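Structure, as structure tokens:
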Amino acid sequence: MDAPVRTTCAYCGVGCGVLARRIGDRALEIAGDPQHPANSGRLCSKGTHLGETVGLEGRLLHPLIGRAGAGKRASWDKALGLVSKRFADTIRQHGPDSVAFYVSGQLLTEDYYVANKLMKGFIGSANIDTNSRLCMSSAVAAQTRAFGEDVVPASYADLEAADLLVLVGSNTAWCHPVLYQRMMAAREERGTKLVVIDPRRTETAEGADLHLPLKPGSDVLLMNGLLAHCAREGLVDDSVLSVPDGFWEALAKGHDLWSVAKGCDLPPADVQRFFDLFAAHSRTVTMFSQGVNQSLRGTDGGNAILNLHLATGRIGRPGASPFSITGQPNAMGGREVGGLATTLAAHRGFTPDDCADVARFWAAPNIASKPGLKAVDLFRAAGEGRIKALWIMATNPAVSMPDAARVREALADCPFVVVSDVMAETDTSLHAHVRLPAAAWGEKDGTVTNSERRISRQRAVLPLPGAARPDWWIVSEVARRMGWGDAFAYNHPAEIWREHARLTAYRNAGARVLDLGAHAALTNRAYDALAPVRWGGEPFAAGRYPTPDGRARLVPVVQREADAPLPRWPMVLNTGRYRDQWHTMTRTGLSPKLARHREEPLVEVHPDDAAALGVADGGLARLATPQGASLFRVALADGQRRGELFAPIHWTDHTATGGRTGLLPRDGTDPHSGQPGFKQTPARLEPVALGWRGFLIRRGDAPLPAIPWAVRVAVPGGVLFELAGDGDLPEASLPAGHRMEASDPARGTRRIAVLQDGRLAAALFVTATGELPPRDWLVAQLGAEHGPLVLAGRAPGRQESRGPVVCACLDVGLHTIVAAIRSQQLVDVPAIGAALGAGTNCGSCRPALARILAGQTLETAHG
Ligand SMILES: Nc1nc2c(c(=O)[nH]1)N[C@H]1C(S)=C(S)[C@@H](COP(=O)(O)OP(=O)(O)OC[C@H]3O[C@@H](n4cnc5c(=O)[nH]c(N)nc54)[C@H](O)[C@@H]3O)O[C@H]1N2
Ligand SMILES: Nc1nc2c(c(=O)[nH]1)N[C@H]1C(S)=C(S)[C@@H](COP(=O)(O)OP(=O)(O)OC[C@H]3O[C@@H](n4cnc5c(=O)[nH]c(N)nc54)[C@H](O)[C@@H]3O)O[C@H]1N2
Ligand code: SF4
Ligand SMILES: [Mo]
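According to full-length UniProt numbering, the residues represented by the sequence shown are 1 to 863, in order.
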């Protein structure tokens, strides 16, 4: 058996260390790396099930030329030749600003560095932006305004040393689960207080000492109110800060407790409790994420938090820091190399000195001299014909950009689109003239930087399949063919790493915190063996900041009024993530275990709103915004505020006919950062009644049936489609074989099973008004010998359904858990673990178990 390889998780910005052992051709055994400082051996559900996502199904294994459908396999030489020729021709005819790259926080630092160097130093435009624009750019802008450089001051150890944790717009329990576990462990030990600020009562909020379900977009007011309170209480010291004239006078106005509570739509007593907790605990970490960033006031929201920490001295000390947490595995590395259109490279901007330095270092013939187009503007420019050649790497903008239908039109109209991806068919690659097969997680080799600035190696465990190649290689080969071979003559990622390290140190002399000079001479062996290492240390411990006068700056920010509700769009749509899916599901969607947590895209709505609108729990509804509309399954959620809806971002054309959240958000952006305000879009919800509902399961794969509601769910050995429609059944999705049928016209029920060689190959069950059996048993029968009895849809004899899966690792369902709590009188999460195993592996479901327990306790108390 192969020895395990030390690498890092493919997913979130926690950056957990993973031990991956190859077992057979394309299979991996996954464990948390006990030596990695981010996770000390822990993994969440997504990390735990990485092994289920490394198969070759759906992979892009060869370059393809021609738009989807007409895509023809081509050699690398031909594909690279075409890409370089079309880019060179376009630049010659229309200038460097007529081309663009749109890249991703899921590239490795080496990939990112090479792409940035090609665009900004050689093509001569800064039209390279990244999906981090949709994710981190408001935090980047806020930190740059306050500190003079985009530096995250905090470390994970601060979360454990704090006495008070304030989570603002972060569903940590689902989105950064291992950090959440670390926080919970520290809390157990030292009684850390936890405040969660989020309009929704998430599982994160459920575990908190105080949850403030504020009015969406009112974070600036709340944080300003807290700072005004601190000023009144004598808790601020601005003697070492740079403070604009009139800062405190302006803050003193309109920030009394009552005005703040009213403006945030919160009970004044809760706001007071928050203020008192903050005043009482100087070791405070305020962690903020997309609830702050993805707002039309995201940069101001970030600065309101930074002001608070700077003015109360809660920064640069153990357990006291603001903490903008990153989303993607290498969002931070992308910022370091300069992958945003608004930075040049290595934390430098576009001053003449910066441009001259970087040009000299790269021996660059065409250094960019001004910022390029930010993501939303970039796709707008493509739609208007100003971008004529576009290369998209490791991101799926046809789904993840706001107003995605407009983005699709722009892609369709763009004369030349290149997509580098690991999957053959994504909603974006459908529009590509050239598709380039990239090496995937487990095959690629390089570095990533996590939320606490810790650089870790990702290492290859599996061989490159087909013609797949690392992204840095692909970009370098294009650069070479465009005539810049000398500057892109890389043979190993270590060469790129050393160059990046040298650039960060080049003419730095303490001007920028980012200085990787110590790595400039790393040998290839040392690079291969590189242990996780943090850059920057505790950068602000001495109170010096990378600003001209060495002082951090308080930035005056005011709460902008919310837009008046639009008459036809009375509700507000909030969007975000599910615990067990990653973005557009191109990888996590392959895992049957991960599919179990939330199989379908739900729109969550407050029960009172649902009653008023006439939408029923479990029914379908049409969610519409001025940008578009899509069907969703309705879930009543009393953790939603009245008037607000929540929908997940994960489903695509490939995975569902409904649930298409990407089509809905408006493309307005924050004025400082250009980050879209994904969390607040005017919307409305209407009930939809369809004639029948059902499901289809089959061995192997099949295209998504083209009916109003069809959702693809990965199951072992095949696929499950959840269905609803009006007209004909999607019988074309059934494979050939021996068909057996049963129907009950009174209920409008039809059941079809298909046998191949006596074994169950597929089943289609639909009903107009009746019940459908749980899917588990039938799924487990795929490939088993059966006769007509299989049409019963359940095992002979009475069988309890285990209900929706709560613990994905040990496959434990809600009904099983509730039954055990009642019959065995289980009183806490460890007791559930001891009885059923649930929550004992990765631990991601522990917040859900706590919630179920609380519900049971409530029921007992009431009845
Ligand atoms: N399971 C999973 N984990 C992930 C990802 C994934 O796809 N799946 N993606 C990763 C990435 S790239 C990112 S960026 C992170 C994102 O991690 P998070 O930011 O934690 O996730 P989101 O669900 O986008 O949004 C967080 C919360 O912001 C709240 N919110 C909405 N509006 C407001 C507001 O006005 N004020 C406040 N205070 N809160 C508000 C939402 O209700 C939501 O609960 O997750 C990372 N981790
Ligand atoms: N409505 C709404 N929209 C959002 C958000 C939201 O909260 N609400 N969040 C935004 C945020 S924070 C983010 S980060 C984005 C994420 O959105 P995207 O970046 O569009 O989502 P992913 O599905 O992660 O896309 C990554 C793509 O890269 C491919 N890929 C994976 N590994 C590699 C590799 O090594 N090389 C190459 N070349 N390709 C690879 C995958 O197959 C996939 O197609 O979504 C944004 N969009
Ligand atoms: S918390 Fe989960 S998804 Fe994030 S890096 Fe760790 S294992 Fe991966
Ligand atoms: Mo993100």
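Built from N, CA and C at the ideal position, the CB exists for glycine as well. These numbers come from a predicted model, not from an experiment.
Option in D617, A562 and L390 with minimal Cα separation from A115: The shortest C-alpha to C-alpha distance from A115 to any of D617, A562 and L390 is the one to L390.
Just how far apart, CA to CA, sit Q559 and S218? Using only the alpha carbons, I get a separation of about 7 angstroms.
What alpha helix (DSSP H) runs, 4 residues minimum, are completely inside the UniProt domain "4Fe-4S Mo/W bis-MGD-type" (2 to 58)? Along the UniProt domain "4Fe-4S Mo/W bis-MGD-type" (2 to 58), the alpha helix (DSSP H) occurs as fully enclosed runs of 4 or more residues at 45 to 48, listed in sequence order.
Can you check which of these residues, D563, H650 and V513, is closest to Y578 by C-alpha distance? Among D563, H650 and V513, the Cα nearest to that of Y578 is on H650.
Could you give the DSSP three-state label for M184: helix, strand or coil? In the structure shown, M184 sits in a helix (DSSP, three-state: H, G or I).
By the DSSP assignment, the beta strand (DSSP E) with G725 in it spans what residues? The continuous beta strand (DSSP E) containing G725 extends over residues G718 to G725.
Tell me which residue opens and which closes the beta strand (DSSP E) that W692 is part of. It spans W692 to R699 - the beta strand (DSSP E) in which W692 sits, taken as one unbroken run.
If we ignore side chains and look at the alpha-carbon of each, how far apart do T657 and Y490 end up? If you take the alpha carbons of T657 and Y490, they lie about 43 angstroms apart.
Taking 7 angstroms as the cut-off, is the beta-carbon of C355 closer than that to any non-hydrogen atom of ligand 2? Between ligand 2 and C355, a heavy atom-to-CB distance of less than 7 angstroms is absent.
May I ask which residues mark the beginning and end of the beta strand (DSSP E) holding C807? Per DSSP, C807 belongs to the beta strand (DSSP E) from V805 to C807.
Quick check on M1: buried or exposed, where buried means 16 or more other Cβ atoms within 10 Å of its Cβ? Classification for M1: exposed.
For the beta strand (DSSP E) containing M119, name the first residue and the last one. Per DSSP, M119 belongs to no beta strand (DSSP E) and is neither H nor E.
Would you say N307 and L194 are within 8 angstroms of each other, going by their C-beta atoms? The answer is no: Cβ separation not under 8 angstroms.
Delimiting residues of the beta strand (DSSP E) encompassing R739: For R739, the enclosing beta strand (DSSP E) stretches over residues H738 to D744.
Measuring from the CB of D219, is there a heavy atom of ligand 1 at a distance below 7 angstroms? Correct: D219 has its Cβ closer than 7 angstroms to ligand 1.
Contact the segment 308 to 319 vs the segment 234 to 254: 3+ CB pairs below 8 angstroms: Touching, yes, given that three or more Cβ pairs across the two stretches are closer than 8 angstroms.
L797 classed as buried or exposed, judged by whether at least 16 other C-beta atoms fall within 10 angstroms: The question names Leu, yet the displayed sequence has Gly at residue 797. Per the 10 Å Cβ criterion, exposed.
Residues near A410 by beta carbon distance below 6 angstroms, same chain, minus five either side: For A410, where only same-chain residues beyond five positions count, the Cβ hits under 6 angstroms are F379, A382 and G383.
Using the Cα positions of V417 and S155, report the straight-line distance between them to the nearest angstrom. Counting only the Cα atoms, S155 lies some 40 angstroms from V417.
Less than 8 angstroms separating the beta-carbons of A88 and N127? No. Outside cutoff.
Per DSSP, what are the beta-bridge partners of E771 in this structure? Checking the DSSP bridge columns, you'll see E771 has no partner listed.
How would you label K85, buried or exposed, when you count the other beta carbons within 10 angstroms and need 16 or more for buried? Exposed, because fewer than 16 other Cβ atoms sit within 10 Å of the Cβ of K85.
Starting from R193, trace the beta strand (DSSP E) in both directions and tell me its first and last residue. Here residue 193 turns out to be Lys, not Arg, going by the sequence shown. Unbroken beta strand (DSSP E) run through K193: K193 to I197.
Looking at W441 and ligand 2, is the gap between the Cβ and the nearest heavy atom below 7 angstroms? Taking the Cβ of W441 as the reference point, at least one heavy atom of ligand 2 falls within a distance shorter than 7 angstroms.
Within the present structure, is the beta-carbon of K444 separated from the nearest heavy atom of ligand 2 by less than 7 angstroms? Yes - ligand 2 has a heavy atom lying nearer than 7 angstroms to the Cβ of K444.
Beta carbon nearer than 5 angstroms to a non-hydrogen atom of ligand 4: Checking every Cβ against the heavy atoms of ligand 4 under 5 angstroms gives C135 and G327.
Helix, strand or coil for E384 per DSSP? The three-state reading of DSSP puts E384 in coil, since its state is none of H, G, I, E or B.
Let's test the definition: count the other Cβ atoms within 10 Å of the Cβ of V240 and tell me whether it reaches 16, buried, or not, exposed. V240 comes out exposed.
Give the straight-line distance between the Cα atoms of H862 and V779, rounded to the nearest whole angstrom. In this prediction, H862 has a pLDDT of 49, which is less than 50 and means its spatial position is unreliable; what the coordinates show is noted afterwards. Cα to Cα, the separation comes out at about 38 angstroms.
Can you round the beta-carbon distance between V812 and L836 to whole angstroms, since I take them to be within the 8 angstroms contact cut? Contact between V812 and L836 holds, with the beta-carbon distance rounding to 5 angstroms and staying under 8 angstroms.
Between the alpha carbons of E149 and S324, how many angstroms are there, rounded? The alpha-carbon atoms of E149 and S324 are separated by roughly 14 angstroms.
In chain order, what residues of the same chain have a beta carbon less than 7 angstroms from the beta carbon of V555, not counting five sequence neighbours either side? Cβ neighbours of V555 within its own chain (closer than 7 angstroms, five residues either side excluded): R145, A146, N303 and N307.
So for residue 870, helix, strand or coil by DSSP? Residue numbering for the chain in the displayed model covers 1 to 863; residue 870 lies beyond these limits and cannot be assessed.
Consider the C-beta atom of P177 and the heavy atoms of ligand 3; say whether any pair is separated by less than 7 angstroms. Checking every heavy atom of ligand 3 against the Cβ of P177, one is found closer than 7 angstroms.
Nearest-angstrom Cβ-Cβ length linking T625 and P682, presumed shorter than 8 angstroms: Between P682 and T625 the Cβ distance is about 6 angstroms, and since that is below 8 angstroms, they are a contact.
Let me check understanding here. Comparing Cα to Cα, which of L165, S170 and A74 lies closest to M183? The shortest C-alpha separation from M183 is found at L165.
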